[in-house]
Amino acid sequence: MSYVATAAGSLVADTAVDLGESQRVVLHEWSTERLRLDDEVARRLGETPWVSVATDREPGWWKVSTQQWVGAFTLGDLRIIVRPKIKPENLFFLLEVGLPPGAWQAEAIDYATNDELLPALVSFFARTAETTLARGLFHHYRHEEDDLLALRGRIDFVRQFRRGGVLVPMACSWDDFTADVDENRCLTAAIRLALRVPDVPHDDRRRLRRLLAALDGVAEPTASVALERLDRIQYTRLNEHYRPALRLARLILANCTLQDQHGDTAASAFMVDMNQLFEQFVTSRLQRELGGRLEVAAQLRPHLDIDRRVEIRPDLTLRSHGETIGVADLKYKLTDSDANAAGTAAPLARHGDYYQLLAYTTALALSEGTLIYCADVNRDESAGRLDGPAISNRIVSSAAEATERRGSDVALHLSTITVQHLGTKLHTVAIDLSGSPGDIDAQITALAEHLAAMTG
């Protein structure tokens, strides 16, 4: 987990909340609120990695700013809840667990009404895991080695000869067909952690206990070991039905810290990094859409300089027959704009993000590059428009296939600038997450068509 030291790009700074006797406060992603806090509470809150705290002009009041982390955490008696800007059902959609949208409708409604993300997520995980294990506990062959009094499997002659003539116990090796495999071990670790979460409905808590009974005899690794093993699981037709449950298990294991220590401040927390969630979702969907046409590689590390001393890390590189032919960068939240010289007109674009994209296109010898960002989190609520480039076009024709399949208009917010003296075209595309899952899928299809045309 990467820690956030400061919060930038605050959106609202003129609201104030006097907690009084209340020990629960609801904030929103990428916002700033004025809170009345004790000095010690404010200091401890500022030590957490999820919000930043600054002094206010009025004594006893503090400015608390949030960034990309959403969820909830507890600091002593204070409960801080951070809500996302996107709709609850679309937050579950971004989890990309491979299930139809209706699968999480009940949990999305629950999250929309009670503000707590973790209990809703645990309920979703409990139902998904129950459906997974209802098809039967996954078994697989696991290699075992042990010294036994009776022969089992085959003799491990290398280990046996090291004994210097001792015949028993015999060094045996065999393949055991067992349920004690990584898929079930990771589920067990996530279920154990989920059972420690408060406010989970009784029906879902009973589901989790029944699942543990079904997994009896399966070893339980630590959360860190389970996360490492999740990365090594290879999915085949035999264990593909485990994928949705294991993706939810990963989210719980990676983000649920029942006792997180940062500095001298302890906090129980479940916080999701929306930057990572957005990047993983778009990357996964583009790989699916462009499969067979282009290879979509994530987080490759080419070099900026000839001597290969300065690494760059574009979020997406598009390759064909081993050759890089396109590049794209993913930004959930754009960086702050630079003011122009006069300071009166609106800035043309988010300059820092353009500089970064230009470095990628130059180093990779490409004539075009695309910056992809989330429209919702960058929307100027007061003006009712998207932040970013002042000149933009909505493209519909490039997503004709998606329109035909879904029977609705598919529009992308697209803007393009051309770098002087170089002629490099830098495109900016906004993905709007305020619609239905079908609308979002259609936008991803349109984006894939744009990237394919850019590399053509």
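So for the sequence shown, numbering that gives the first Met the number 0 puts the first residue at 0; every next one is plus one.
Think of the CB as a built atom: it goes at the ideal place given N, C-alpha and C, for glycine as much as any other residue.
Quick one: Cα of residue i to Cα of residue j, how far?
i: GLU239; j: LEU363; result: 36 Å
i: SER283; j: ALA105; result: 25 Å
i: ASN274; j: LEU370; result: 14 Å
i: TYR439; j: ILE430; result: According to the sequence shown, residue 439 is Ile rather than Tyr. Near 8 Å, if we compare the C-alpha coordinates of ILE430 and ILE439.
i: ILE79; j: ARG249; result: 23 Å
i: LEU226; j: ALA189; result: 10 Å
i: TRP49; j: VAL40; result: 15 Å
i: TRP173; j: ASP215; result: 23 Å
i: THR73; j: ALA445; result: 41 Å
i: ALA452; j: GLU95; result: 26 Å
i: ALA327; j: LEU150; result: 58 Å
i: ARG141; j: THR177; result: 7 Å
i: PRO313; j: PRO58; result: 45 Å
i: ALA102; j: THR130; result: 11 Å
i: PRO471; j: VAL199; result: Outside the modelled stretch of the chain, which goes from 0 to 455, sits residue 471, for which no answer is possible.
i: PRO220; j: ARG191; result: 10 Å
i: LEU237; j: ARG208; result: 25 Å
i: ARG43; j: GLN22; result: 15 Å
i: GLY45; j: SER51; result: 5 Å
i: ASP114; j: GLU322; result: 47 Å
i: SER407; j: GLN279; result: The predicted position of SER407 is uncertain, since its pLDDT is 44 and thus under 50; a value taken from the coordinates is nonetheless stated next. Cα to Cα, the separation comes out at about 26 Å.
i: THR47; j: TRP60; result: 18 Å
i: VAL281; j: ALA193; result: 28 Å
i: LEU315; j: HIS420; result: 26 Å
Hey, would you say residue i sits closer than 8 Å to residue j, going by beta carbons?
i: LEU93; j: PHE277; result: yes
i: PHE530; j: PHE123; result: Because the chain in this structure spans residues 0 to 455, residue 530 falls outside the shown range and cannot be described.
i: HIS449; j: LEU425; result: no
i: ALA222; j: LEU247; result: no
i: VAL180; j: PHE137; result: yes
i: ARG242; j: TYR234; result: yes
i: LYS84; j: HIS27; result: yes
i: ARG206; j: ARG126; result: yes
i: LEU36; j: LEU132; result: no
i: VAL121; j: ASP202; result: no
i: LEU329; j: ASP352; result: no
i: ARG82; j: VAL25; result: yes
i: TRP29; j: VAL271; result: no
i: ALA71; j: LEU34; result: no
i: TYR331; j: TYR359; result: no
Label residue i either buried or exposed according to how many other C-beta atoms from any shown protein chain fall within 10 Å of its C-beta, with 16 as the threshold for buried.
i: GLU144; result: exposed
i: ILE305; result: exposed
i: ALA338; result: A caution first: ALA338 carries a pLDDT of 39, below 50, which makes its placement in the model too unreliable to give a value.
i: ALA212; result: exposed
i: GLU403; result: Reliability fails at GLU403, whose pLDDT of 38 lies under 50, so the model's placement of it is uncertain and the value that follows must be treated cautiously. The residue in question, GLU403, is exposed, as its Cβ has fewer than 16 Cβ neighbours within 10 Å.
i: THR417; result: exposed
i: SER366; result: exposed
i: SER319; result: exposed
i: ALA441; result: buried
i: LEU147; result: exposed
i: ASP259; result: The pLDDT assigned to ASP259 is 45, lower than 50, so where the model puts this residue is not dependable, and the model offers no usable value.
i: ALA218; result: exposed
i: GLY75; result: exposed
i: PHE160; result: exposed
i: THR112; result: exposed
Counting along the chain, where does the beta strand (DSSP E) carrying residue i start and finish?
i: THR360; result: From DSSP, THR360 is part of no beta strand (DSSP E) but of the alpha helix (DSSP H) over 350-362.
i: HIS426; result: 424-430
i: GLU32; result: 31-35
i: VAL326; result: 322-330
i: ASP374; result: The identity of residue 374 in the sequence shown is Ala, whereas the question assumes Asp. From DSSP, ALA374 is part of no beta strand (DSSP E); its letter is neither H nor E.
Is the closest heavy atom of the ligand SAM to the C-beta of residue i under 7 Å?
i: GLU88; result: As far as ligands go, the structure on display features none, and thus does not contain the ligand SAM.
Kindly list the residues whose CB is nearer than 7 Å to the CB of residue i, restricted to its own chain and excluding five residues on each side of it in sequence; keep chain order.
i: ARG447; result: Looking at the sequence provided, one finds Ala at residue 447 rather than Arg. For ALA447, where only same-chain residues beyond five positions count, the Cβ hits under 7 Å are LEU285, GLU288, LEU289.
i: PRO301; result: ILE311, ALA362, LEU363
i: ARG158; result: ALA170
i: LEU357; result: VAL418, THR423, LEU425
i: VAL309; result: HIS302, LEU303
i: ALA401; result: With a pLDDT of only 38 at ALA401, under the threshold of 50, the placement of this residue in the model should not be trusted, and no figure is reported.
For residue i, which residues from the same chain have a beta carbon less than 6 Å from its beta carbon, with the 5 sequence-adjacent residues on both sides left out?
i: ASN392; result: For ASN392, the pLDDT reaches just 45, beneath the cut-off of 50, and the residue's location in the model is therefore unreliable, leaving the point undetermined.
i: ALA107; result: PRO87, GLU88, PHE91
i: THR454; result: LEU317, ILE324, GLY325
i: SER9; result: Residue placement at SER9 is flagged as unreliable, the pLDDT there being 31, under the threshold of 50; the coordinate-derived value follows with that caveat. Result list for SER9: THR31, SER64, in chain order.
i: ALA53; result: LYS62
Only counting the same chain, and skipping five residues up and downstream in sequence, which positions put a Cβ closer than 8 Å to that of residue i?
i: ALA374; result: LEU385, HIS412, ALA429, ILE430, ASP431, LEU432, SER433
i: LEU245; result: GLU182, CYS185, LEU186, LEU229, ILE232
i: PRO197; result: PRO118
i: ARG162; result: ALA170
i: GLU294; result: LEU317, ARG318, SER319
So the alpha helix (DSSP H) residue i belongs to, where does it begin and stop?
i: ARG205; result: 201-213
i: PHE280; result: 273-288
i: VAL157; result: 156-160
i: ASP181; result: 181-193
i: PHE137; result: Careful: PHE137 lies outside any alpha helix (DSSP H) and carries neither H nor E.
Using beta carbons (cut-off 8 Å, strictly below), is residue i in contact with chain D?
i: ASP304; result: In the structure shown, chain D does not exist; there is a single protein chain.
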